[in-house]
Structures are given as C-alpha cells and as structure tokens.
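In the numbering used here, the protein residues as written are 46 to 301. Below is one structure, written out as structure tokens, with a few remarks after it.
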C-alpha cells in the first residue's frame, strides 16, 4: 500500500478509497495505479466489504496521470514499457468493473483524464456543483479510447456525446455533466460525502448475491444479442430465486 491511496474499512460494510495527493488534485503515479488495482482486486475476498466509495482528498477527485512522474517519464520509455503501463491503467478499470460489489464515486472536484475514466468505472457517480469532468487525452495527442473509455462512456451518455467528449477533450462542468446523464445523484457540495455514504450503505445492506449478479450481467450483456441476453438473465435469476435472501422475502410476503 502507499500513502497516495488511503483505504478505510468502515463497520457498516462500506470501504472508502481516497486518492491522497491533494496538492496535485490527486494526480496518479505508477505506485498509486498499482495500489488502486490491487486494492479493488483484494476487496473481492473481503466479506466485510460489501460496497466501496471512491473519492479524492482536498479540492479534486483525480486529475489523471502526474505530469512529471508519469507523462514526462513515458516520453523516455521503450515500447514494451509503455504497453506495460497502458495495460496497468486498464487493469485498474477492470478491477473496479470485475469487483462484484457496488462502487460509488464521490466527485467533488476535477475528474480529468484517467480520473474521469475511473469515475466512469464506478457503478454510481454522486457529484457536487464543484465537479468537473474532462477526457483530455486528445490534448496530449492521444486517443480518447483509453482505459476502456470508449466502451464505458457511450453506454452512459450515448454515442454522440461520447464522441464529442473523447475527441474534443473539453472539460465540462457539473451542470453539463448532469444534463448529459453522467451523474446519478447531483447534490450540494456540503452534502456530497454524506450522500455518497448513504447510497453506499444502502447498497451494502442490500442483497449481496443479487447485486453481484446485476453487475456481472451489466458487464456481460453488451456482447450478447437480445435472445442470448434473455437466456443469460433467466439462468442468473433462477439462481437468485434459490438464495436465502429471496426465500426470506418470499416468507415475508406470505405472512402479509
């Protein structure tokens, strides 16, 4: 673990992961990328963690890769080293999406570059009026298709908006992001952390197996046609109908 990434495991089943380089608006380093990937993969085996909040210390959520420690360093790397890095950044997103527990991003400042993609990788985005989102890769001469952004973003805001954001690379404020459908819950800044906490606690208290199946199917069904998706959901739901959580609910309904 690194002090650049703080992990707090609360007693209510909610773990909070905080980017902790506030002096750089929480810019990422090679170490913090690795810590983020390993932390989310580790949560899969932690039964006491049932939901996760991802947020940033200070005024930012995450401003992407550190200009000196990553951007400048990449200019002197070999092609093999560069590919290792791009795979590492993608693994962070994959670790978040493959974690079959709900993830809530609490965005109260700049979410730019990799930071914007990591916010996308969460299942829910709670944001305040101070949030800013920018997929600024094109400003560095890079593709907007980075870390899974070209897969994730169209599913959230549609193809036209995703093309605009990924190709033009402009930074949008919270009002615009909310209008685009990028934000699930838009709250005043002083309510940001309580709102994210309340949502995560609600998810943590919910049916764990059912939430895991929902997230798994949301990830998988983009690759299926309708008939295959319906069949996959039939099999998944049949399994949920045999869980204790459903049986308990059925007993409650039977007693009414």
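Note that beta-carbon positions come from the ideal geometry of N, C-alpha and C, so glycine has one too. On a predicted model such as this, the values are computed, not experimentally measured, just so you know.
Does DSSP put residue 216 in a helix, a strand or coil? As a first step, residue 216 must be located in the chain shown, where it is residue number 171. Reduced to three states, the DSSP call for residue 216 is strand.
For residue 150 versus residue 175, is the C-beta distance shorter than 7 Å? The residue given as residue 150 occupies position 105 in the chain shown. The residue given as residue 175 occupies position 130 in the chain shown. No. Outside cutoff.
Taking the alpha-carbon of residue 291 as reference, which of 74, 256 and 268 has the nearest alpha-carbon? For the purposes of this step, residue 291 is taken as residue 246 along the chain shown, with counting starting at 1. Of the candidates 74, 256 and 268, the one whose C-alpha sits nearest the C-alpha of residue 291 is 256.
Quick one: measure Cβ to Cβ for residue 182 and residue 191, integer angstroms, because I've assumed they're closer than 8 Å. Stepping through the chain shown from its first residue, residue 182 is reached at position 137. Stepping through the chain shown from its first residue, residue 191 is reached at position 146. 5 Å between Cβ atoms; contact.
Give the single residue among 121, 70 and 147 whose Cα lies nearest to the Cα of residue 109. As a working mapping, residue 109 is identified with position 64 in the chain shown. Comparing Cα positions, the closest option is 70.
Hey, how far is the Cα of residue 194 from the Cα of residue 212? Taking the chain shown and counting its residues from 1, one reaches residue 194 at position 149. Taking the chain shown and counting its residues from 1, one reaches residue 212 at position 167. Going from the Cα of residue 194 to the Cα of residue 212 covers about 12 Å.
Looking only at C-alpha atoms, which of 83, 253 and 85 sits nearest to residue 95? Residue mapping note: residue 95 aligns to position 50 of the chain shown, counting from 1. When each option's Cα is compared against that of residue 95, the closest is 253.
Alpha carbons only, please: which of 62, 250, 118 and 177 is nearest the one belonging to residue 75? Here the question's residue 75 lines up with position 30 in the chain shown. With distances taken between Cα atoms, residue 75 lies closest to 118.
Does residue 150 come out as helix, strand or coil in the three-state DSSP assignment? Position 105 of the chain shown holds residue 150. Reduced to three states, the DSSP call for residue 150 is strand.
Just to confirm before moving on: does the CB-CB distance between residue 8 and residue 206 stay below 7 Å? Residue numbering for the chain in the displayed model covers 46 to 301; residue 8 lies beyond these limits and cannot be assessed.
Could you spell out where the alpha helix (DSSP H) holding residue 179 opens and where it closes? One-based indexing of the chain shown puts residue 179 at position 134. Where residue 179 is concerned, there is no enclosing alpha helix (DSSP H), although the beta strand (DSSP E) it sits in stretches over 177-179.
Compute the distance between the beta-carbons of residue 144 and residue 85, then report whether it is under 7 Å. For the purposes of this step, residue 144 is taken as the residue at position 99 of the chain shown. For the purposes of this step, residue 85 is taken as the residue at position 40 of the chain shown. Going by C-beta atoms, residue 144 is nearer than 7 Å to residue 85.
So which of 178, 50, 218 and 165 has the shortest CA-CA distance to residue 102? Walking along the chain shown from the start, residue 102 turns up at place 57. Out of 178, 50, 218 and 165, 50 has the C-alpha closest to the C-alpha of residue 102.
Simplified DSSP state of residue 100, which is helix, strand or coil: Numbered from its first residue, the chain shown carries residue 100 at position 55. Reduced to three states, the DSSP call for residue 100 is strand.
Tell me the DSSP secondary structure of residue 280 in three-state form. On the chain shown, residue 280 is found 235 positions in, with the first residue counted as 1. Helix, per DSSP.
Answer yes or no: do residue 179 and residue 166 have a C-beta to C-beta separation smaller than 7 Å? Counting from one through the chain shown, the residue named residue 179 turns up at place 134. Counting from one through the chain shown, the residue named residue 166 turns up at place 121. No. Outside cutoff.
Taking buried to mean at least 16 other C-beta atoms within 10 Å of its own C-beta, is residue 235 buried or exposed? If you number the chain shown from 1, residue 235 lands on position 190. Residue 235 comes out exposed.
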